[in-house]
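K.L.:
In my numbering, the protein residues as written are 6 to 329. By construction, the Cβ of each residue, glycine as well, lies at the ideal position given by its N, Cα and C atoms. Note that the structure is a prediction, hence the values are computed from the model and not measured. I am attaching a structure below and will ask some questions about it afterwards.
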């Protein structure tokens, strides 16, 4: 199938579906008699509401109705498991591979293997540190810009006042954790915001709560500001702050990144003070890139999704129509 153009594959699939009058699930392994494009998707895991929305967007975009057979793997945030999944995709002879990388490093060998097998690789969401010639394109959010936007809000609201801050980092070594920290630190440089502590909460609500409990035990009411690399960690921190007898959003101000429904609700309730959006609905844009790459078209090496930002009133206005 590698030598076929995607348009030809989709046409063949459409004709077959028209003849059979039936279809099946993208994960069923059946193709309804059609000639589907097989895509292996190596997801990080299911660590957050953002990730769940991202996974559903990808499954919808790479559905059998759209001409695809999707082989899906969630690595539970284990780099070695994710690389093993990509090896498996190559051995199965998929037509294209999409990767949302757990960490940025360790990808060169398996990407060379995919290239030697003639299988194009498209990166989705997460960035990696590898030879750019080993992958066709990347599509996702501008993590450094997100951190910078969060930092600009903090600098505007607290930069002229001595402010003690703690940080809940994302998964150590991941693109979002590295870039969001870089952008935020750049934005608050020269302000009176002091970073007292910064630890990973692994992008999960449970770890966010645990780490925030540690911060509160160590620093108590000296903490003025929390920067969380994602909403789920912020939500876990809110539970810890309440348990400590403090009021989230008042005693400790909170700025977060993502914009998932639970985070936006907490913002609307005043428990989070500001959220920078990270768009999770990347399926359609990723599918478009896969289609063009398989058709032999030139594509941009890097494409950014459009992100916004929300205060309390903007969150209230956005929630009724929020898709994630």
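Is any non-hydrogen atom of the ligand SAH found closer than 8 Å to the C-beta of residue 128, if you look at the structure I gave you?
P.N.:
Absence of the ligand SAH is noted for the structure shown, with no ligands found whatsoever.
K.L.:
Do three or more CB pairs link the segment 269-278 to the segment 52-61 at distances below 8 Å?
P.N.:
no
K.L.:
Which residues in the same chain have their Cβ closer than 8 Å to the Cβ of residue 109, if we skip the five residues on either side of it in sequence?
P.N.:
Stepping through the chain shown from its first residue, residue 109 is reached at position 104. Within the same chain, residue 109 has close Cβ partners 131, 132, 133, 134, 178, 179, 180, 183.
K.L.:
Ignore the nearest five residues each way along the sequence and tell me which others in residue 167's own chain have a CB closer than 8 Å to its CB.
P.N.:
As a first step, residue 167 is located in the chain shown; it is residue number 162 there, counting from the start. Counting only Cβ-Cβ distances below 8 Å, and skipping sequence neighbours, we find 197, 199.
K.L.:
Drop a sphere of 10 angstroms on the beta-carbon of residue 70, count the other beta-carbons inside from all chains shown, and report buried for 16 or more, exposed for fewer.
P.N.:
If you number the chain shown from 1, residue 70 lands on position 65. It is exposed - the Cβ of residue 70 has fewer than 16 other Cβ atoms within 10 Å.
K.L.:
Less than 8 Å between the CB atoms is what I'm expecting for residue 221 and residue 249, so what's the real figure, rounded?
P.N.:
In the chain shown, counting from the first residue as 1, residue 221 sits at position 216. In the chain shown, counting from the first residue as 1, residue 249 sits at position 244. Contact between residue 221 and residue 249 is confirmed by a C-beta separation of about 5 Å, below the 8 Å threshold.
K.L.:
Which first and last residues belong to the beta strand (DSSP E) in which residue 309 is found?
P.N.:
In the chain shown, the residue the question calls residue 309 occupies position 304. Bounds of the beta strand (DSSP E) holding residue 309 are 307-309.
K.L.:
What are the start and end residues of each continuous alpha helix (DSSP H) run of 4 or more residues lying completely inside the segment 282-309, in chain order?
P.N.:
288-299
K.L.:
Skipping 5 residues on each side, what residues in its chain have a beta carbon closer than 6 Å to that of residue 207?
P.N.:
Position 202 of the chain shown, counting from 1, holds the residue named residue 207. The answer, listed in chain order, is 176.
K.L.:
In terms of residue numbering, what span does the alpha helix (DSSP H) encompassing residue 57 cover?
P.N.:
Walking along the chain shown from the start, residue 57 turns up at place 52. Here the alpha helix (DSSP H) through residue 57 covers 54-66.
K.L.:
To the nearest angstrom, how far is it from the Cα of residue 92 to the Cα of residue 141?
P.N.:
Walking along the chain shown from the start, residue 92 turns up at place 87. Walking along the chain shown from the start, residue 141 turns up at place 136. So the two alpha carbons sit approximately 18 Å from each other.
K.L.:
Quick one: residues in its chain with C-beta nearer than 6 Å to the C-beta of residue 295, no 5 flanking neighbours on either side, listed in chain order?
P.N.:
For the purposes of this step, residue 295 is taken as residue 290 along the chain shown, with counting starting at 1. The residues are 101, 127.
K.L.:
Considering only residues of the segment 76-154, which uninterrupted beta strand (DSSP E) runs meet the minimum length of 3 residues and lie entirely inside it, listed in chain order?
P.N.:
101-104, 126-129, 142-145
K.L.:
If I measure Cβ to Cβ from residue 323 and keep anything under 7 Å in the same chain, skipping five residues before and after, which residues do I get?
P.N.:
Start at 1 with the first residue of the chain shown, and residue 323 comes out as number 318. Only 269, 315 meet the Cβ criterion.
K.L.:
Quick one: give me the first and last residue of the alpha helix (DSSP H) that residue 220 is part of.
P.N.:
Stepping through the chain shown from its first residue, residue 220 is reached at position 215. Element bounds for residue 220: 210-224.
K.L.:
With H, G and I counted as helix, E and B as strand and the rest as coil, what does DSSP make of residue 183?
P.N.:
Counting from 1 along the chain shown, the entry for residue 183 is found at position 178. Three-state result, residue 183: helix.
K.L.:
For residue 327 and residue 228, what's the separation of their Cα atoms in angstroms?
P.N.:
To locate residue 327, count along the chain shown from 1; it is residue 322. To locate residue 228, count along the chain shown from 1; it is residue 223. Roughly 32 Å between the two C-alpha positions.
K.L.:
If distances are taken between C-alpha atoms only, which option among 163, 82, 97 comes closest to residue 107?
P.N.:
As a position in the chain shown, residue 107 is number 102, starting the count at 1. Ranking the options by Cα distance to residue 107, first place goes to 82.
K.L.:
Once you ignore the five residues that flank residue 290 on each side, which residues in its own chain have a CB closer than 8 Å to its CB?
P.N.:
Taking the first residue of the chain shown as position 1, residue 290 is located at position 285. Counting only Cβ-Cβ distances below 8 Å, and skipping sequence neighbours, we find 144, 308, 310.
K.L.:
Looking at the unbroken beta strand (DSSP E) that takes in residue 318, where does it start and where does it end?
P.N.:
As a position in the chain shown, residue 318 is number 313, starting the count at 1. Careful: residue 318 lies outside any beta strand (DSSP E), inside the alpha helix (DSSP H) at 317-323.
K.L.:
Check this for me: beta carbons of residue 45 and residue 88, under 9 Å apart or not?
P.N.:
Numbered from its first residue, the chain shown carries residue 45 at position 40. Numbered from its first residue, the chain shown carries residue 88 at position 83. Taking 9 Å as the Cβ cut-off, residue 45 and residue 88 do not qualify as a contacting pair.
K.L.:
Measure the alpha-carbon distance for residue 211 versus residue 124 and round it to whole angstroms.
P.N.:
Within the chain shown, residue 211 is the residue found at index 206, counting from 1. Within the chain shown, residue 124 is the residue found at index 119, counting from 1. Answer to the nearest angstrom: the Cα atoms are 38 Å apart.
K.L.:
What number of angstroms, rounded off, separates the C-alpha of residue 94 from the C-alpha of residue 158?
P.N.:
As a first step, residue 94 must be located in the chain shown, where it is residue number 89. As a first step, residue 158 must be located in the chain shown, where it is residue number 153. Roughly 43 Å separates the two Cα atoms.
K.L.:
Excluding the 5 residues preceding and the 5 following residue 218 in the sequence, name in chain order all residues of the same chain whose CB lies nearer than 6 Å to its CB.
P.N.:
In the chain shown, residue 218 corresponds to position 213, counting from 1. Result list for residue 218: 245, in chain order.
K.L.:
So, are the CB atoms of residue 78 and residue 47 less than 9 Å apart?
P.N.:
For the purposes of this step, residue 78 is taken as the residue at position 73 of the chain shown. For the purposes of this step, residue 47 is taken as the residue at position 42 of the chain shown. Contact flag set, yes.
K.L.:
Please name the residue or residues paired with residue 247 in a DSSP beta bridge.
P.N.:
On the chain shown, residue 247 is found 242 positions in, with the first residue counted as 1. Bridge partners of residue 247: none, in fact.
K.L.:
From this set, 281, 72, 105, 156, which residue's C-alpha is nearest residue 84's C-alpha?
P.N.:
If you number the chain shown from 1, residue 84 lands on position 79. The shortest Cα separation from residue 84 among 281, 72, 105, 156 belongs to 105.
K.L.:
The alpha helix (DSSP H) spanning residue 271 covers which residue range?
P.N.:
The sequence position of residue 271 within the chain shown is 266, counting from 1. Taken as a continuous stretch (DSSP letters only), the alpha helix (DSSP H) holding residue 271 covers 266-273.
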